[in-house]
Amino acid sequence: MTSTQAYTDVSTWSIDSAHSEVGFAVKHLMISTVKGHFADVQGTITMHESDPSRSSAEVIIETASIDTRSRDRDKHLRSADFFEVEKWPNITFRSRKVEGATGKEGKSFRVTGDLTIRDVTR
28 MTSTQAYTDV STWSIDSAHS EVGFAVKHLM ISTVKGHFAD VQGTITMHES DPSRSSAEVI
88 IETASIDTRS RDRDKHLRSA DFFEVEKWPN ITFRSRKVEG ATGKEGKSFR VTGDLTIRDV
148 TR
């Protein structure tokens, strides 16, 4: 991520695919867990240091960049059965709520928001 910061307590960070990862783990046939990630991720995080609740995040994930380390499975996931990447090239996430401790560097935050996959938002 790279930051652009004015002389305020607000920082805006650009998500850098080379240094960020969106990963997942899914149970398959109740026997094994399939793990994977999306290689192409973009977005911004705006952090309000004095009031984290005013912070926000927007993320765009390129569906065709899915990688589960199985070429055939990835091809199937890109198909109309799952992501239908030609019609729905992106998954998006937009935060609605950010919770975290004020002034504690390295502290984790809980981000709640809307995830949109194939034009369905939850």
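Each residue of the sequence shown is one higher than the one before, counting from 28 in this note's numbering.
We put the beta carbon where it would ideally sit given N, CA and C, even for glycine.
Close beta carbons around residue i, own chain, < 6 angstroms, minus the five adjacent residues each side
i: Phe65; result: Val49, Ile88, Ser92, Ile93
i: Glu85; result: Gly70, Thr71, Arg121
i: Ser47; result: Val68
i: Asp141; result: Arg121, Thr148
First through last residue of the beta strand (DSSP E) which encompasses residue i
i: Asp141; result: 136 to 144
i: Phe110; result: Taken as a continuous stretch (DSSP letters only), Phe110 belongs to no beta strand (DSSP E), as it is neither H nor E.
i: Arg121; result: 117 to 127
i: Thr72; result: Residue identity differs from the one stated: residue 72 is Ile in this sequence, not Thr. Where Ile72 is concerned, the enclosing beta strand (DSSP E) stretches over 68 to 75.
i: Thr39; result: 37 to 41
i: Glu48; result: Segment: none, Glu48 is in no beta strand (DSSP E) and carries neither H nor E.
i: Ala84; result: 83 to 89
i: Thr60; result: 59 to 65
Terminal residues of the alpha helix (DSSP H) in which residue i lies
i: Arg98; result: 98 to 105
Backbone CA spacing between residue i and residue j [nearest angstrom]
i: Glu76; j: Ser135; result: 13 angstroms
i: Arg81; j: Asp36; result: 11 angstroms
i: Thr119; j: Met57; result: 28 angstroms
i: Val138; j: Lys124; result: 6 angstroms
i: Glu113; j: Asp146; result: 13 angstroms
i: Ser59; j: Arg98; result: 18 angstroms
i: Arg100; j: Asp78; result: 43 angstroms
i: Thr90; j: Ser41; result: 19 angstroms
i: Ser83; j: Gly127; result: 12 angstroms
Residues of its chain near residue i, where Cβ-Cβ distance is below 7 angstroms and the 5 sequence neighbours each way are ignored
i: Ala33; result: The predicted position of Ala33 is uncertain, since its pLDDT is 49 and thus under 50; a value taken from the coordinates is nonetheless stated next. Excluding sequence neighbours, Ala33 sits near nothing in its chain.
Same chain only: Cβ atoms within 8 angstroms of residue i, ignoring 5 sequence neighbours per side
i: Phe51; result: Lys62, Gly63, His64
Distance between beta carbons of residue j and residue i, contact taken as under 8 angstroms
i: Met74; j: Ser38; result: 5 angstroms
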